[in-house]
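Student: Numbering (our numbering), first residue to last: 1 to 143.
The beta carbon of each residue, even a glycine, is placed where N, CA and C say it ideally should be.
One structure follows; several queries about it will come next.
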């Protein structure tokens with residue numbers, strides 16, 4: 001069972017590797033949902049992108065509890081600069097099953113957007129993943 005899950009995740013990851021991420025929103029969402037929707041605790045991951053919006057790296061940047069994860073915009077930007085990323089997609093999960101963003105999720109998105117802009121890095125989306133679906137700040141016009 002674990003081996004088949006890993007093969008499935010690798011297949012999804014391959015769909016988003018080395019091709020423009022925004023060209024296939026569904027592949028990105030499928031990948032993030034498979035990776036994060038059923039995690040028992042919150043985690044945040046960042047997809048770091050190059051100038052062609054191709055995936056440079058997917059990293060878990062923070063792990064938290066069942067209802068909270070501390071995400072540092074400073075560390076995300078530092079890491080983006082280290083790898084010469086020009087774009088980011090932030091994702092985190094809500095173990096409660098409800099993808100509705102909290103007030104702190106909205107504030108984090110605003111802060112990360114402003115910090116990234118200072119360094120000419122585009123925050124392309126912040127996606128909240130849950131068992132009952134997802135919430136995309138970009139799709140909802142909030143980015």
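Taking the alpha-carbon positions, what's the residue 36 to residue 83 distance?
Tutor: Here residue 36 refers to the residue found at position 36 of the chain shown. Here residue 83 refers to the residue found at position 83 of the chain shown. Roughly 24 Å separates the two Cα atoms.
Student: Give me the residue from 63, 143, 113 with the minimum Cα distance to residue 94.
Tutor: The residue you call residue 94 lines up with position 94 of the chain shown. Out of 63, 143, 113, 63 has the C-alpha closest to the C-alpha of residue 94.
Student: From which residue to which residue does the alpha helix (DSSP H) around residue 36 run?
Tutor: Walking along the chain shown from the start, residue 36 turns up at place 36. Its alpha helix (DSSP H) spans residues 25-36.
Student: Apart from the five residues on each side of it in sequence, which residues of its chain come closer than 7 Å, Cβ to Cβ, to residue 99?
Tutor: Position 99 of the chain shown, counted from the start, is the residue given in the question as residue 99. Scanning its chain for C-beta atoms nearer than 7 Å, with the 5 sequence neighbours on each side dropped, one finds around residue 99 the residues 128, 129, 130, 132, 133, 134, 135, in chain order.
Student: Between 53, 44, 54, which has its C-alpha nearest residue 71's C-alpha?
Tutor: Numbered from its first residue, the chain shown carries residue 71 at position 71. For residue 71, the nearest C-alpha among the options comes from 44.
Student: Between which two residues does the beta strand (DSSP E) holding residue 65 run?
Tutor: Here the question's residue 65 lines up with position 65 in the chain shown. Taken as a continuous stretch (DSSP letters only), residue 65 belongs to no beta strand (DSSP E), as it is neither H nor E.
Student: Whole angstroms are fine: how far does the CA of residue 51 sit from the CA of residue 96?
Tutor: As a working mapping, residue 96 is identified with position 96 in the chain shown. As a working mapping, residue 51 is identified with position 51 in the chain shown. Answer to the nearest angstrom: the Cα atoms are 35 Å apart.
Student: Under three-state DSSP, which class holds residue 125?
Tutor: Position 125 of the chain shown holds residue 125. If DSSP states are grouped into helix, strand and coil, residue 125 belongs with the strands.
Student: Under 8 Å between the Cβ atoms of residue 108 and residue 123?
Tutor: Taking the first residue of the chain shown as position 1, residue 108 is located at position 108. Taking the first residue of the chain shown as position 1, residue 123 is located at position 123. No, these two residues do not count as a Cβ contact at 8 Å.
Student: Kindly provide the ranges of any alpha helix (DSSP H) runs that are 4 or more residues long and lie completely inside the stretch 71-130, ordered along the chain.
Tutor: 73-82, 103-118
Student: May I have the straight-line CA-CA distance separating residue 139 from residue 126, to the nearest angstrom?
Tutor: What you label residue 139 is simply residue 139 of the chain shown in a count that begins at 1. What you label residue 126 is simply residue 126 of the chain shown in a count that begins at 1. The straight-line gap from Cα to Cα measures roughly 10 Å.
Student: Going by the DSSP bridge assignment, what does residue 43 pair with across the sheet?
Tutor: Here residue 43 corresponds to residue number 43 of the chain shown, with the count starting at 1. DSSP lists 63 as partners of residue 43.
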